[in-house]
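Visitor: Have a look at this one before I ask anything.
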Amino acid sequence: MPRCGYMIQRGSFKLQTIKKTPPRNLATMTRYSTILPAVLILGSLLTLRASEAAEAAVPSQVTMINEIIEQGWRDFEIRPASEVDDSTWCRRVFLDVIGRVPNKSELSEFLASKGKDKRAVLVDTLLHDDKYTEEYASHWSTVWTNILIGQSGGNGRDTMISRAGMQKYLRDSFARNKPYDRIVFDLVTATGSTKPGTENFNGAVNFLIDKVNEEKGVLATSSTSRIFLGQQVQCTQCHNHPFNQWKQQMFWEFNSFFRQTRSLRRFVDGTRDVDHAELIDEDFAGEANDPEDALVFYELRNGLTRVAYPVFTDGTAIGVSGFVSDIKRRSELGRMMLASENMDKMGVNRMWSLFLGFGFTKPVDDLGPHNPSSHPELLAKLAAEFRKNSYDLKQLITWITLSRPYNLASVLGSNNEIDDPSIGEMPKFSRFYLRQMSAEQLYQSLVTATDATSQGSYEEQERQRNRWLQQFVVAFGTDEGDEATTFNGSIPQALMLFNGDLTKKATSTAGGSFIDRLSKTGKSPRDRVNELFLTGLARRPSRNEMTIASKLLIARKGNEKEMLQDMWWAILNSNEFIMQH
């Protein structure tokens with residue numbers, strides 16, 4: 024379809040051509056008087072159709088998001104923040120889509136581009152241009168690896184998890200844009216080896232490999248239901264949930280789907296060192312030792328014993344046989360999960376939270392009537408659209424990043440002061456909520472902004488990156504294997520960032536370094552300070568910041584490299600650099 028500008032230009036061209044060839048006789052004039060109104064009408068129609076085409080270029084899902092969110096603003100009588108400027112939005116979307124800030128040339132190219140659809144064009148480029156495929160896949164494999172096995176999963180000496188195997192499966196899936204439902208099915212039903220390069224390698228098994236053996240698969244039960252269905256059932260192992268519809272019976276019915284599954288350690292020949300692990304399905308005899316009626320027992324708080332068989336959360340039961348040849352319980356579970364609307368809502372809620380800072384529920388992985396959504400209609404409709412569009416994650420990302428709430432400035436003012444989820448209010452999405460970069464985003468952004476790449480092979484670079492990231496992870500000894508990132512701006516972390524090896528490389532003035540190369544560009548120190556701010560913060564320096572640079576240059580006795588080094592160090596260690604805004 025031709026672009027809008029082309030259609031209008033084409034219509035104008037016809038009118039100009041007619042005016043340049045005035046009629047020479049009455050017959051011609053008659054034809055001219057007949058043709059001119061027709062051409063004018065045609066030009067109007069072309070313009071109208073071009074306008075309609077431009078509107079049609081906005082996905083209907085984006086319009087739907089905007090209408091529901093805007094109705095919420097009207098209901099609460101608040102005015103949203105203004106639209107964010109192009110440079111800040113560019114930085115924002117690079118961080119969220121591929122996990123790093125844009126480099127100077129990428130930012131400059133975007134700011135120089137024309138057209139009302141320039142933001143849509145950039146989103147499409149980041150998602151579909153081959154030059155970004157590797158970064159897109161790597162970023163989202165990191166995000167989902169942390170969700171599935173935690174930030175420390177696979178890093179212990181005796182662990183059965185292969186972090187490299189988990190990341191390879193996810194990286195390959197995101198690079199091919201595998202539909203979300205197929206990823207979920209793989210993770211829930213996979214069998215095979217954890218480690219790349221081993222026989223029967225299947226990286227998807229790393230999600231369950233350390234969750235099925237211990238305590239009768241309790242962790243597999245709670246993690247699967249929470250991550251993919253938004254149902255937090257961990258406490259119903261021992262008693263009925265006090266606030267939602269989950270009962271102890273339902274927990275053990277869901278747990279029964281995992282009882283055919285075992286993980287096996289495979290050792291290095293001649294040693295007791297774990298080389299890798301394997302997830303297998305095997306016959307389950309049941310706790311009454313009758314595989315044809317493979318039941319499980321659980322104990323009520325009053326001491327009575329009850330029986331459970333595999334039954335899905337909607338009440339759908341499957342066969343009771345424990346023979347794999349009769350029925351593969353996890354495969355049946357996977358199929359029922361894919362038919363569940365909860366899976367659709369959970370996928371949308373999580374993705375929305377990753378881009379907007381908050382989901383429609385808090386916590387993001389707790390859906391249900393006991394935990395009302397801030398925008399139930401939007402969550403339901405967006406989930407339905409996700410399913411209708413074959414669970415295409417790139418489509419979902421497009422809808423979110425082009426929506427009005429994602430394109431707002433991060434300003435909390437008197438016009439929207441009630442929109443503050445940080446104090447417990449339900450989010451209204453009348454502004455972009457400030458949040459801190461993840462540790463992984465910070466690492467990649469430091470590397471991108473300065474070309475401060477690690478030394479050595481790819482494997483060595485990954486080890487250096489993982490060592491750097493592990494500084495921020497604290498594990499907690501809970502039933503869920505919980506952990507938290509301590510990347511929160513504390514004084515020890517600030518000192519680590521200020522004086523760490525990565526920052527030292529980033530601010531080095533040695534030959535070939537970022538500062539050294541920068542010092543040889545531009546026409547003046549002012550140009551080079553501008554370059555620093557655009558590279559690090561996606562904006563130009565304020566008058567006050569430029570004054571500080573001038574005073575630093577004097578203090579450094581005219582040594583411009585040292586001035587640039589001081590300014591760059593301050594930028595990289597500023598809240599503005601570390602924040603997603």
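Numbering-wise, our numbering comes out as the position in the sequence shown, counting from 1, plus 23.
Using N, Cα and C, we set each Cβ at its ideal position, and we do this for glycine too.
1. Could you check how far apart the C-beta atoms of V85 and W422 are, in whole angstroms? I think they sit under 8 Å.
2. Taking the continuous beta strand (DSSP E) assigned at D304, which residues delimit it?
3. Could you pull out every residue in the same chain whose Cβ sits closer than 6 Å to the Cβ of E599, ignoring the five residues on either side in sequence?
4. Under 6 Å Cβ to Cβ from S10, same chain only, skipping five residues before and after it: list those, please.
5. DSSP on T165, reduced to helix/strand/coil?
6. Note down, in chain order, each residue of its chain lying with its Cβ closer than 8 Å to the Cβ of A80, except the 5 sequence neighbours on either side.
7. By how many angstroms is the C-alpha of I172 removed from the C-alpha of F499?
8. Verify whether the separation of the beta carbon atoms of T214 and I91 is less than 8 Å.
9. Assess contact between the segment 374–382 and the segment 318–335, defined as three or more Cβ pairs (one per stretch) separated by less than 8 Å. Is contact present?
10. So which of T212, A403, L431, S461 has the shortest CA-CA distance to V107?
11. Between which two residues does the beta strand (DSSP E) harbouring A331 extend?
12. Select from R458, S105, F277, D306 the residue whose C-alpha is nearest the C-alpha of R285.
13. Which whole runs of the beta strand (DSSP E) in the segment 94–163 are 3 residues long or more, in chain order?
14. Compute the distance between the beta-carbons of S433 and L457, then report whether it is under 8 Å.
15. Do you know whose CA, among A340, E554, K417, K528, lies nearest P82's CA?
16. Quick one, which of S344, F290, H299, T336 has its alpha-carbon nearest A308's?
17. Within a Cβ cutoff of 7 Å, which residues of the same chain sit near P202, ignoring the five residues on either side of it in sequence?
18. Can you grab the Cα-Cα spacing for the pair Y429 / I88, in whole Å?
19. Between Y321, W491, F274, G545, which has its C-alpha nearest T336's C-alpha?
20. I think G253 touches K368, with their Cβ atoms under 8 Å apart; what is that distance to the nearest whole Å?
21. Can you give me the Cβ contacts of M366 inside the same chain, cut-off strictly under 8 Å, excluding the 5 residues immediately before and after it?
22. Below 8 Å, can you find three or more Cβ-Cβ pairs linking the segment 526–540 to the segment 560–580?
23. Taking just the CA atoms, how far does L469 sit from G220?
24. Find the nearest neighbour of T148 within the set W167, R123, G391, F117, judged by alpha-carbon distance.
25. Among the residues of its own chain, which have a CB less than 6 Å from the CB of G380, if the five just before and after it don't count?
26. Is it right to say P395 is buried, meaning 16 or more other beta carbons lie within 10 angstroms of its own, or is it exposed?
27. Hey, how far is the Cα of Q190 from the Cα of N225?
28. I need the straight-line Cα distance from L587 to M460, nearest angstrom please.
29. Could you name the residues of the same chain whose beta carbon sits closer than 7 Å to that of F99, not counting the 5 residues immediately before and after it, in chain order?
30. Beta carbon of Q467, beta carbon of G177: below 8 Å?
31. Ignore the nearest five residues each way along the sequence and tell me which others in T244's own chain have a CB closer than 6 Å to its CB.
32. Using only CA atoms, which one of S547, L401, Q283, P392 lies nearest to G382?
33. Looking only at its own chain, which residues have a Cβ that is under 7 Å from the Cβ of I350, when we skip the five neighbours before and after it?
34. Could you tell me the alpha carbon to alpha carbon distance between P564 and D109, rounded to whole angstroms?
35. Identify every residue that forms a DSSP beta bridge with V334.
36. How many angstroms separate the CA atom of H299 from the CA atom of D474?
Guide: Let's see:
1. 5 Å
2. 297–304
3. L560
4. A query on residue 10 cannot be resolved here, the shown segment of the chain reaching from 24 to 604 and no further.
5. helix
6. D140, A143
7. Low local confidence applies: a pLDDT of 35 at F499 is under 50, so the model's placement there is unreliable, with the coordinate-based value given in what follows. Cα to Cα, F499 sits roughly 14 Å from I172.
8. no
9. At 8 Å Cβ cutoff, the stretches do not touch.
10. From the listed residues T212, A403, L431, S461, the smallest Cα separation to V107 is found for L431.
11. Counting along the chain, the unbroken beta strand (DSSP E) around A331 starts and ends at 328–331.
12. D306
13. Fully enclosed beta strand (DSSP E) runs of 3 or longer: not present.
14. yes
15. K417
16. S344
17. So the qualifying residues of the chain are S413, Y414, D415.
18. 11 Å
19. F274
20. 6 Å
21. Here the set comprises D204, V207, F251, L252, M360.
22. Not touching, per the Cβ criterion.
23. 32 Å
24. Out of W167, R123, G391, F117, F117 has the C-alpha closest to the C-alpha of T148.
25. For G380, where only same-chain residues beyond five positions count, the Cβ hits under 6 Å are Y456, R458.
26. exposed
27. Cα to Cα, the separation comes out at about 11 Å.
28. 24 Å
29. I441, K451
30. Going by C-beta atoms, Q467 is not nearer than 8 Å to G177.
31. F277, N278
32. L401
33. I341, G342, S344
34. 16 Å
35. A340
36. 35 Å
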